[in-house]
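Residue 2 is where the sequence shown starts when you use my numbering, and the numbers rise one by one after that.
Just so you know, even glycine gets a beta-carbon here, dropped at the ideal spot from N, CA and C.
What you are looking at is a predicted structure, and each value in this text was computed from that prediction instead of being measured.
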Amino acid sequence: MRAVKSDLEALAWLDVTELPGLDDLHMPQGIIAEAQKLMAQACGAQESYFLLNGATSGIHALLMCGTTSAKVIIPRHSHRSFWGGLVLSGSSPVWIPGEIQPDLGIALSVKPQTIAQAAAMHRGVEVAWLTSPTYYGTCCDVATVRQLLPPNIALMVDEAHGAHFPFHPLYPHPALRDGAAAVVNGLHKTWPVLTSGACLHLGQSFFGTPERSNWNRSKPPSTQWDLRLKAAYHLLTTTSPSYPLLASIDLARAFMQQEGMRYLERAQSLAAKYKSRLNQIKGIRCYGAELTTFPGVKAVDPLKVVIGLEGIALSGIQMARILRDEYRIEVEVAQPRLIVAMFSLLHDILDWEYFFKSIDNIAETYPANGKAEGIIYSPPRWHMELTPRQAFWAPKRRVKMEESLGRVAGEMVAPYPPGIPCLLPGELITADIIEYIGYLKSTQVNIQGPDDPNLEYILIID
Ligand SMILES: Cc1ncc(COP(=O)(O)O)c(C=O)c1O
2 MRAVKSDLEA LAWLDVTELP GLDDLHMPQG IIAEAQKLMA QACGAQESYF
52 LLNGATSGIH ALLMCGTTSA KVIIPRHSHR SFWGGLVLSG SSPVWIPGEI
102 QPDLGIALSV KPQTIAQAAA MHRGVEVAWL TSPTYYGTCC DVATVRQLLP
152 PNIALMVDEA HGAHFPFHPL YPHPALRDGA AAVVNGLHKT WPVLTSGACL
202 HLGQSFFGTP ERSNWNRSKP PSTQWDLRLK AAYHLLTTTS PSYPLLASID
252 LARAFMQQEG MRYLERAQSL AAKYKSRLNQ IKGIRCYGAE LTTFPGVKAV
302 DPLKVVIGLE GIALSGIQMA RILRDEYRIE VEVAQPRLIV AMFSLLHDIL
352 DWEYFFKSID NIAETYPANG KAEGIIYSPP RWHMELTPRQ AFWAPKRRVK
402 MEESLGRVAG EMVAPYPPGI PCLLPGELIT ADIIEYIGYL KSTQVNIQGP
452 DDPNLEYILI ID
């Protein structure tokens, strides 16, 4: 008990509040204003806002900048936080498909032409979103997307997994540099920042290009966006911000500026060496820079280690369990035919070596006789019947899964991680969806969203 008390006392020393000299996150004029300015300079932004509720709250705030009648282009393989932002903002998504890698059954990118076509087909689009990098480290061609989009459509990027990109030229380009108007970084994912610390960055074009001002002179959207973004940020942010979290963001920014280049250099060279060694293990395939030949993929984050398990008699979920139980390694994602290990810039050669040896041992112990069996399903096509906000407020009831065919879903189904929903509230429940949910259950992946964790029942809109 005494140890717990002294631990709590140590924590309490850090846990201050808006005392004189400690500034106010909701009216920053002192140390927080200065820290946000330093962050903007470090990341090439015009303005940066600290987020204490993860990248999620930045995505929500940016979606709330648009008008409620706005249409927003969003890749369908985006993170579940987009759903929340659409409910809050009331805007309507124009979902677009991602490019699915058939052996792995996952979306790795969006082709620039897909976004440009959606922008040409739909009137009233104010914003187009990309997720770059994906959970698997693949980055879209942000610069080409920006070029192809009309200037009155702002490009925003969920760069939750790419906060480290500005600090070394061998890593993919940060989206702000390639013309994004706004990006959201989940700092806690790739910087040494406490969990849920994140940042929203605004680029030059968020404040309006000459073209965008000409588009509607009487009411420059940029001015409205600026005002609405601030209002949304304050609406979504706690009035009791955690100072330890704020301090970790500021310290990590200084660390990235002072040491980021050196550590990222080491991490990049370790990744290159060990990805090549992993590829020599029989039965597995470690994906890397060759993914840039896949449609829509411009660059790949070296620190995401995507391993396909073609010749191993284990699913990714079983492999992850063995790694956890027998080797004390926690992978980031486990799916039927793959695992993703996420290395940080602070992992050293011993960590990489241990990971390599663990995979090598497992591959040797569980060889497959021939190619891995079983079909890999990709998420089926969606059919949106109600906007997210309409679906959120609609009355719902519970039915047995098999009775839900042809009804409109009242809840989300999202394998987690990566948290990409295969069914959203307001979407039609088709036979393909029911079959896909059955497949997900059979693979034993974690699923978030449904009220019934066994997915025998599902909420439908009444
Ligand atoms: C691509 C992507 N975007 C956004 C988020 C939300 O980030 P956070 O958990 O920091 O709110 C995640 C979380 O995993 C993510 O993977």
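What residue from LEU441, LEU20, GLY180, TYR137 has the CA that sits closest to GLN102's CA? TYR137
With hydrogens ignored, establish whether the beta-carbon of PRO419 is closer than 7 Å to any heavy atom of ligand 1. yes
Could you tell me whether the Cβ of LEU23 comes closer than 8 Å to any Cβ of chain D? Here chain D cannot be found, since the structure has a single protein chain.
C-alpha gap between ASP24 and GLY31, whole angstroms: 5 Å
Would you mind sorting SER70 into buried or exposed? The rule is 16 or more other CB atoms within 10 Å of its CB. exposed
With a threshold of 16 other CB atoms inside 10 Å of the CB of GLY22, please say whether the residue is buried or exposed. exposed
Would you call the stretch 290 to 309 and the stretch 330 to 346 in contact, with 3 or more CB pairs under 8 Å? yes
Nonlocal neighbours in the same chain, by C-beta distance under 6 Å from THR115, ignoring five residues either side: ILE97
I'd like the list of long-range same chain contacts for LEU26, defined as Cβ closer than 6 Å, with 5 residues on each side in sequence excluded. ILE33, PRO242
Is HIS189 near ligand 1, going by C-beta to nearest heavy atom under 7 Å? yes
From which residue to which residue does the alpha helix (DSSP H) around ASP159 run? Note, ASP159: premise wrong, no alpha helix (DSSP H); beta strand (DSSP E) at 155 to 159.
Would you call ILE350 buried or exposed, if buried means 16 or more other Cβ atoms sit within 10 Å of its Cβ? exposed
Integer Cβ distance of ILE459 from VAL400, believed to fall under 8 Å: 7 Å
In its own chain, which residues sit with a C-beta less than 8 Å from the C-beta of ALA119, not counting the 5 before and 5 after it? ILE74, VAL95, ILE97, VAL126, ALA129
Taking DSSP's pairing of strands, which residues face PRO416 in a bridge? ILE448
Which same chain residues end up closer than 7 Å to LEU188 when comparing Cβ atoms and leaving out the 5 residues on each side of it in sequence? ALA164, VAL194, GLY198, ALA199, CYS200, ILE250, ALA253
Report yes or no: do the stretch 224 to 237 and the stretch 54 to 73 share at least 3 C-beta pairs separated by less than 8 Å? yes
Output the distance between the C-alpha atoms of LEU52 and ARG329, rounded to the nearest integer angstrom. 31 Å
Considering only heavy atoms of ligand 1, does any lie closer than 7 Å to the CB of HIS162? yes
ARG455 by DSSP, collapsed to three states: which one? With the sequence shown as reference, residue 455 is identified as Asn, and Arg is not the correct amino acid for it. Of the three classes helix, strand and coil, the one that applies to ASN455 here is coil, per DSSP.
Looking at ASP349 and ligand 1, is the gap between the Cβ and the nearest heavy atom below 7 Å? no
For TYR288, the first and last residue of its enclosing beta strand (DSSP E): 286 to 288
Indicate, with yes or no, if ligand 1 has a heavy atom lying under 7 Å from the CB of TYR234. no
For GLN336, collect the residues of the same chain with a Cβ closer than 6 Å to its Cβ; drop the 5 residues on either side in sequence, then sort them by chain order. GLY317
Tell me whether TYR440 counts as near ligand 1, meaning its Cβ is closer than 7 Å to at least one heavy atom of that ligand. no
Spatial neighbours of THR444 within its chain, please: CB distance less than 8 Å, with the 5 preceding and 5 following residues excluded, ordered by chain position. SER316, ILE318, GLN336, PRO337
If I follow the unbroken alpha helix (DSSP H) through GLY261, where does it start and stop? 244 to 279
Do ILE323 and ALA364 count as a contact pair if the criterion is CB distance below 8 Å? no
Excluding the 5 residues flanking PRO396 on each side, which residues of the same chain have their C-beta closer than 8 Å to its C-beta? ILE462, ASP463
For a test of your reading of the model: does the CB of TYR328 fall under 7 Å from any non-hydrogen atom of ligand 1? Yes or no. no
Inspect the beta-carbon positions of THR388 and GLY427 and report whether they are closer than 8 Å. yes
Take HIS384 as the anchor and find which of GLN269, ILE377, ALA410 has the nearest alpha-carbon. ALA410
Tell me whether ALA4 is buried or exposed, calling it buried when 16 or more other Cβ atoms sit within 10 Å of its Cβ. exposed
Closest Cα partner of PHE357 within the set GLY420, ARG278, THR366: ARG278
Locate the beta strand (DSSP E) running through GLY309, then write down its first and last residues. 305 to 309
GLN110, enclosing beta strand (DSSP E) - first and last residue: The sequence shown places Ser at residue 110, rather than the Gln named in the question. Run containing SER110: 107 to 110, per the beta strand (DSSP E) assignment.
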